[in-house]
Structure formats: structure tokens, C-alpha cells
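Quick notes on the structure that follows.
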Amino acid sequence: MLDYLNSMRAALRFPGYLPQPVTAKGVNQWMKQFDPSDRRLVGRLLRSVIYLSEAKIKRILLEQNGALMRRLATAGLPPQNLIYVQVHDAGSSSPVMLNMLRDAAGLEQRGCRFLDANNTLGLNAMTNDLGEGALIYVDDFVGTGTQFCEARDFAAKFIEGTFSEFLLVPSICEEGIYLLGERGIEAFTGHVHSKAERPLHDNSTLFDPGTKQRLIEICEQIDPIMALGFRRIAAMVVLYRNAPDNIPILFRGNETQMPFSGIFPRTTDLPLAEVGI
Amino acid sequence: MADLKPNTHQPLNVVPAGTLRKLSPDEIKPSANNPRFLFDDAPLQELKKNIAAHGVLVPLTVYQAKGQTKFSILDGERRYRCVVDLTKSGHLGADKRPLLLPANIVEPPTKIAGLLYMFSIHNFREGWELMPTALSLKIVMEELGEADNTALSKLTGLSEPQIERCKKLIDLPERFQKLSLDPDPKTRIPSNFWIESAPVLDFAVEEIPTLRQLGRNRSTDKLVEKYRAKRIKSVIHFRRIMDAYDMSEDDGDTRRKVLRRVEEYFLKPELETRAAFDEFVVEMRRTRTALAECEEFVARLQKLKLRYLADDTERANLRDALRNVRIFCMALEQSLRGTDDPDSLSE
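Protein chains in written order, with our numbering: chain G, 1 to 277; chain S, 278 to 624.
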């Protein structure tokens with residue numbers, strides 16, 4: 001009974017997860033994959049997940065964009081000189097974030113411009129046309145920042161004129177902030193995901209060493225390479241559209257969800273039949 | 278062909294006078310161009326040693342783009358890089374505090390001034406990805422109404438051959454330019470592909486009826502297809518085709534055979550460049566002859582003991598002749614640059 005209540009409570013915390021809805025039954029089934037002696041630890045880790053629902057993401061993007069636009073207006077840059085750039089890194093929801101922001105903030109009506117970072121000729125022509133302004137990259141989540149910076153570094157060679165650069169992102173890991181800072185790109189974000197708030201990260205002391213070690217062992221049993229996610233970031237942020245590839249593997253499950261199924265599988269983790277193909 | 282009008286542009290006032298401040302590296306935004314590729318390591322190490330001992334003595338020139346908290350560098354990227362590296366390694370200044378950079382803060386540069394600075398950075402490195410440079414050169418040409426290679430060379434610091442190469446890229450149809458702008462290096466067509474293939478296309482489309490009918494762009498597509506199929510293992514191999522073509526100039530039969538092979542090469546995606554043209558290339562023998570000629574030329578001049586010529590006219594004549602030799606040799610040396618190593622394809 002207590003288990004079921006815990007599952008109910010967990011499911012209520014993650015409304016609207018898109019690749020696969022999180023239900024009480026689903027949480028319960030997911031939990032049952034673990035040894036009974038480990039379930040309490042896994043439940044504790046699940047409670048540390050930072051979930052960003054669609055409503056929350058929209059609010060963050062709108063607020064941060066408002067603050068950025070006000071700052072740029074004060075600096076003498078009207079909306080017509082702002083170029084919003086979507087960045088396609090693997091698994092990114094950047095275009096979705098940009099569309100959401102564009103519609104909610106009326107960016108098109110205000111005269112802002114839009115571009116895909118891959119369209120380098122377009123970037124060259126647009127920045128040359130404007131001469132000065134701001135480039136505002138929009139993404140859903142930045143982990144190490146490597147993928148974002150690779151896309152940006154390639155595009156940046158084609159910028160003409162004087163442009164300041166910003167990143168609008170609902171959540172970003174502290175590693176990403178550092179990498180962006182090296183390039184002079186300022187992040188406008190609702191949440192900086194510190195290493196300390198990631199229980200399985202080397203630099204976190206949130207969990208006692210025994211608990212942490214056992215949870216890492218469980219992850220390594222599921223997938224020794226991706227145990228703590230891409231580059232062992234051990235991120236705890238889950239966005240309503242998709243979980244980042246940096247979260248501990250016990251949340252995502254194996255590819256095609258076999259033999260271990262996750263509670264927050266990424267769209268690409270699901271078997272084809274379940275994503276309607 | 279560049280026209281011969283003289284360069285009438287005055288040097289641009291790139292850097293207006295500004296205020297001097299001491300900035301920490303954190304307050305500065307590096308150039309958007311990847312600095313790992315920009316500077317030779319040895320001189321940079323020397324500069325770093327100097328800065329470690331004495332600090333930064335010559336101020337950087339920086340500006341603040343609108344809305345940005347950090348300062349962008351107009352001049353002094355190398356000094357900045359050194360200080361960043363020293364700071365990362367825990368080096369402190371003579372006052373036992375983190376190193377600071379003296380910087381003249383100026384107004385943001387005009388578009389042209391910014392572009393010219395960008396050129397000064399790109400010039401640090403041979404083989405820099407040429408497409409961004411070409412697009413920037415196009416803007417300089419449009420803004421200043423200047424097309425003359427010599428004038429553009431003076432303005433940008435690019436060599437005239439570099440400008441000629443950039444112009445080839447500028448003249449490409451947009452769909453081909455985009456292939457060199459692919460963010461994924463695995464699928465990107467290197468800018469050199471267009472430059473090295475241009476002379477082949479020039480003669481092939483003019484002299485081979487099938488390719489003339491196909492047109493230059495569709496013939497180019499054939500080469501792209503071949504490149505993607507990895508049947509052009511190095512873009513430098515296009516030179517073998519040119520070599521085969523040039524060497525058959527006085528031999529009608531061989532020329533016809535070369536043209537037939539070129540046609541086949543374009544139309545059969547699986548035919549690899551070296552496999553197709555190596556039989557025509559007598560490069561090694563010619564190279565050996567040229568090497569011997571070079572040695573003999575230098576030896577003969579040394580033997581003539583010309584250093585103390587007294588006659589003014591004779592000296593002037595000889596200097597003119599040597600200058601011509603130098604120009605020829607430099608141009609030849611420049612055109613021989615590049616590598617046959619397929620691994621060095623990614624610029």
C-alpha cells in the first residue's frame with residue numbers, strides 16, 4: 001500500500017512527460033525491477049529529479065527573454081536587431097523551444113529575426129545586413145556545453161559586424177556555463193544545475209558514500225558506459241519533451257527498453273512500435 | 278582577371294583613441310575564431326614566458342558590443358591567450374595577484390574595420406578554412422567597390438593568390454558554397470575541392486562535347502558525387518589531371534587519349550583519380566630535372582662571384598633579373614604548396 005502511494009506521489013510530480021507518460025502503475029513497475037533492498041535508495045534518487053514541465057519551461061523562457069530584451073533595448077538594440085538562432089545538436093529540442101518562445105513572446109510581430117545555426121550563408125548575410133545586434137541562441141538544456149559550443153563555433157566564423165551573443169535556456173549545467181563563459185556567451189536561464197545537486201556526481205555529497213556507491217553500481221549494471229549519462233554528468237534535470245542524455249541510466253533504461261526499462265526514456269530509447277512508426 | 282586600377286583607398290582608421298583600463302581575462306571575450314588554430318606554438322610560448330616575467334606591457338585594444346558585459350578583442354588576441362593559459366596554470370603577477378591585462382577601450386569598430394581585423398587574424402595561419410574568409414572578402418569588395426587583387430591584398434593582408442582563391446569561391450553557385458558550409462566535417466566538401474577542381478572543369482567542359490552538353494554545374498555534380506564515393510582520395514590529385522593535360526600539349530594522340538580518359542573519369546563515379554591518370558604523369562622525372570636545374574643555377578651564380586659588382590647600370594640590371602627570378606620562384610613555390618595526404622583534407 002505504501003509502495004503504491006509512493007508511486008502515485010512520484011507520478012504526480014512528473015505530469016505530461018511526452019515520450020512516455022509517467023503513471024503510478026509505470027512507476028511501480030519500474031521500481032519492481034530493482035532488488036527490494038535497493039528500492040528505498042532508488043526512490044530517494046527519484047525524489048531528487050528536477051522536472052521542468054511545459055508550463056514551467058514556457059515561463060522561464062518568457063521571463064528570461066523579457067529580461068534580455070529589456071537589457072538590449074537599454075543598450076540601444078531594438079528587437080529588429082535581434083537574431084534568434086536555433087541550434088541543432090543531437091536530440092536537441094531547440095526548434096521547439098524557439099517556436100514556443102516566438103509565439104508566446106510575439107517575437108515575429110516585434111520584428112525579431114530567426115535563423116538556423118546550420119544556415120551559415122544566411123547568418124553571414126543577415127549579420128552583414130544588420131551590422132550590429134545580438135545573437136540569441138535558444139536551446140532546451142545544456143549539459144557539458146560541448147555540443148552547443150561546437151555548433152556555435154562553426155557558425156561564429158560567419159558573423160559579420162559587432163554582435164553580442166546570448167543563450168536562452170531553461171536549464172544549464174555548471175560545466176556548460178564555464179564553457180560558454182570562455183567564449184563570452186552569457187546564459188539567460190531559470191536554473192543552473194550545479195554538481196552538488198546531482199547525487200551521483202563525483203563532487204556531490206548529497207547522499208552518504210554507501211548509498212551513492214550502491215546507486216552507481218546499479219547504473220553500471222544496466223549500462224557500464226552510459227551509467228551516469230554522457231560524460232558522467234549525472235544530471236538530474238528532466239524536461240517534459242525528453243530527458244537529456246546526461247541523466248543516470250536507471251532513469252532512461254536500455255535502448256529499446258530491454259532488458260531494463262526506464263521511467264524517463266528518451267524518444268530514441270523507445271522501441272519503434274511505441275513511438276508510432 | 279583583376280583590373281589594373283590603382284589602389285585609391287586610404288588606410289582605415291580602425292582604432293579610435295580610447296580609455297585605458299586593467300581587465301581580468303574573465304572580462305574579455307576571445308575572438309569567435311577558434312584560437313587553437315590561429316597561432317604557432319613556438320612564438321606563443323616565447324610571448325608567454327615574457328608575460329610571465331614582466332606582465333603584459335602593451336595594452337590590448339578592446340570594445341564592448343551593445344548589450345554585452347564582456348569586452349571583445351580588436352587587437353591583442355595572443356597576449357590574451359597567454360594570460361588565460363598562465364592564469365589557468367596558477368601563475369600570479371609580480372604583486373602576487375592574478376594577472377591583469379591593460380586594455381584601451383574603444384568604440385565598436387565599423388563593419389569594415391572589424392572585417393579587416395578578422396583578416397589580420399586569419400593571416401596567422403596557412404590553410405585556414407577559406408570559405409568564411411571568402412565571404413568576408415566579398416563584403417569588403419562590395420562595401421569598398423574594390424576588385425583589384427593588389428589593392429585588396431594591401432587592404433586585407435591576404436596574398437594575391439589567396440585573394441584569387443577566395444574569388445573562385447565567391448563566384449561559386451550558392452548550392453556549391455553550401456556544401457562547404459556544412460557544420461559536419463565528415464560531410465563537408467573542403468573549400469580546396471572547388472579551387473583544385475576549377476582548372477580541370479575549365480578545360481573539360483570546353484573541350485569534351487559530352488561535358489559541354491552537361492554544363493559546368495552538372496559536371497561539378499559528377500565530381501562531388503565521386504568525392505563523396507571516396508574516389509577522389511585527395512583534392513590535390515586534381516593536379517595529376519592538369520599535369521596529364523598540360524604535358525600532352527604538343528602530342529595530339531596523347532592529348533586525345535587524356536581527354537577520353539577525363540570524359541570517362543567524369544562519367545564513371547567508381548574511377549579513382551590516380552588509377553585514371555597516373556599513366557600520363559611523368560612527374561618524378563621532371564621533378565628530378567627541376568631539382569638539378571635549381572642546384573646548377575645557384576652553383577653557377579656563386580661561381581660568377583657577383584657580390585662586388587661596381588658598375589651601377591650592370592648592378593641594376595642584375596637586380597631586376599634576380600627580382601624576376603624571385604617572383605617566378607615564389608609563385609611556383611606557392612602553387613606547389615599543399616599535400617597529397619588524404620588525412621590533411623579537413624582544413
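Positions of the beta carbon are idealized from the N, C-alpha and C atoms, including for glycine.
7 Å Cβ cut-off: residues of chain S touching residue i
| i | result |
| --- | --- |
| E186(G) | T346 |
| N118(G) | P460 |
| A234(G) | Going along chain S, no residue has its Cβ under 7 Å from A234(G), so there is no contact; the nearest lies around 25 Å. |
| A151(G) | P460 |
Per DSSP, the bridge partner or partners of residue i
| i | result |
| --- | --- |
| D116(G) | Q86(G) |
| A134(G) | L82(G), S164(G) |
| D352(S) | T338(S) |
| R551(S) | Beta-bridge pairing links R551(S) to no other residue. |
| K388(S) | Answer is none; K388(S) lacks a bridge partner. |
| H193(G) | C173(G) |
| V142(G) | I172(G) |
| S261(G) | G253(G) |
| I305(S) | F348(S) |
| N242(G) | L239(G) |
| F188(G) | L168(G) |
Neighbouring residues, chain S, relative to residue i (Cβ below 9 Å)
| i | result |
| --- | --- |
| G76(G) | K343, G344 |
| A134(G) | A342, K343, G344, Q345 |
| G131(G) | T387, K388 |
| R183(G) | K306, P307, A309 |
| S94(G) | Result: empty, since nearest Cβ-Cβ is about 14 Å, beyond 9 Å. |
Residue i versus residue j - alpha carbon distance
| i | j | result |
| --- | --- | --- |
| A266(S) | R577(S) | The structure shown does not extend to residue 266(S), since chain S is modelled only from 278 through 624, so no value can be given for it. |
| L72(G) | E420(S) | 27 Å |
| Q454(S) | L446(S) | 7 Å |
| L351(S) | T564(S) | 45 Å |
| N290(S) | L123(G) | Residue confidence is low: N290(S) scores 49 on pLDDT, short of 50, so the model does not pin down where it sits. Its coordinate-derived value is still stated next. Each residue's alpha carbon lies about 27 Å from the other. |
| V535(S) | I509(S) | 18 Å |
| R603(S) | F515(S) | 27 Å |
| P312(S) | A10(G) | Annotation note: pLDDT 43 at P312(S) (below 50); position unreliable, no value reported. |
| E403(S) | C571(S) | Here the model assigns E403(S) a pLDDT of 46, short of 50, so the residue's position is not dependable, and the following value carries that caveat. About 25 Å. |
| A156(G) | K388(S) | 15 Å |
| L392(S) | T487(S) | 43 Å |
| K326(S) | G434(S) | 28 Å |
| G210(G) | F34(G) | 17 Å |
| N246(G) | L228(G) | 7 Å |
| L5(G) | A24(G) | 8 Å |
| D269(G) | V22(G) | 15 Å |
| F97(G) | L107(G) | Going by the sequence as given, residue 97(G) is Met instead of Phe. Whole-angstrom Cα-Cα distance: 13 Å. |
| L121(G) | L458(S) | 8 Å |
| F314(S) | R355(S) | Confidence in F314(S) is poor, its pLDDT being 48 and thus under 50, which makes the residue's placement too unreliable to answer from. |
Segment limits, alpha helix (DSSP H) that includes residue i
| i | result |
| --- | --- |
| R442(S) | 437-447 |
| A104(G) | 94-105 |
| D479(S) | 468-484 |
| V238(G) | Premise fails: V238(G) lies in the beta strand (DSSP E), 237-239, not in any alpha helix (DSSP H). |
| Y17(G) | Note, Y17(G): premise wrong, no alpha helix (DSSP H); not H, not E. |
| L200(G) | It is not in any alpha helix (DSSP H) - L200(G) carries neither H nor E in the DSSP assignment. |
| F605(S) | 589-612 |
| H331(S) | 318-331 |
| V558(S) | Taken as a continuous stretch (DSSP letters only), V558(S) belongs to no alpha helix (DSSP H), as it is neither H nor E. |
| Y542(S) | 529-544 |
| V501(S) | 493-505 |
N-terminal and C-terminal residue of the beta strand (DSSP E) that residue i is part of
| i | result |
| --- | --- |
| I382(S) | 378-383 |
| T296(S) | 296-300 |
| Y522(S) | No beta strand (DSSP E) contains Y522(S), which is instead part of the alpha helix (DSSP H) from 515-524. |
| Y51(G) | 50-52 |
Residue i: contacting residues in chain G (beta-carbon distance under 8 Å)
| i | result |
| --- | --- |
| L377(S) | Within 8 Å Cβ-Cβ: nothing; L377(S) doesn't reach chain G, min ~17 Å. |
Contact set between residue i and chain G, taken where Cβ atoms lie within less than 9 Å
| i | result |
| --- | --- |
| I416(S) | N124, N128, E160 |
| L536(S) | Near L536(S) there are no residues of chain G at all, since even the closest Cβ is about 35 Å away, more than 9 Å. |
| L392(S) | E160, G161 |
Within chain G, partners of residue i - CB distance below 7 Å
| i | result |
| --- | --- |
| P409(S) | K157, F158 |
| L241(S) | Here chain S has residues from 278 to 624 only, and residue 241(S) is not among them. |
| E451(S) | L121 |
Residues that residue i contacts on chain S, provided the C-beta gap is smaller than 8 Å
| i | result |
| --- | --- |
| R71(G) | G344 |
| F154(G) | P460 |
| L180(G) | Those do not exist, as L180(G) stays about 11 Å from chain S at its closest Cβ, beyond 8 Å. |
Interface flag, residue i vs chain C, CB-CB below 9 Å
| i | result |
| --- | --- |
| Q454(S) | Protein chains G and S are contained in the structure displayed, whereas chain C is not. |
Contact between the segment 351-368 of chain S and the segment 408-428 of chain S (3+ Cβ pairs under 8 Å): no
task: Count the CB pairs spanning the segment 79-88 of chain G and the segment 132-151 of chain G that are closer than 8 Å, and state whether there are at least three.
output: yes
Taking contact to mean 3 or more Cβ pairs, one atom from each stretch, closer than 8 Å, check whether the segment 255-264 of chain G and the segment 298-312 of chain S are in contact. no
ask   = On the three-pair Cβ rule with 8 Å, is the segment 119-130 of chain G touching the segment 15-29 of chain G?
value = no
Checklist line | contact_flag[the segment 167-180 of chain G, the segment 147-155 of chain G] where n(CB pairs < 8 Å) is 3 or more | finding: yes
Exercise. Is there contact here, the segment 191-201 of chain G with the segment 231-239 of chain G, by at least three beta-carbon pairs under 8 Å?
Worked result: yes
Query raised in the report: Does the pairing of the segment 551-559 of chain S with the segment 499-507 of chain S give three or more beta-carbon distances under 8 Å?
Result: no
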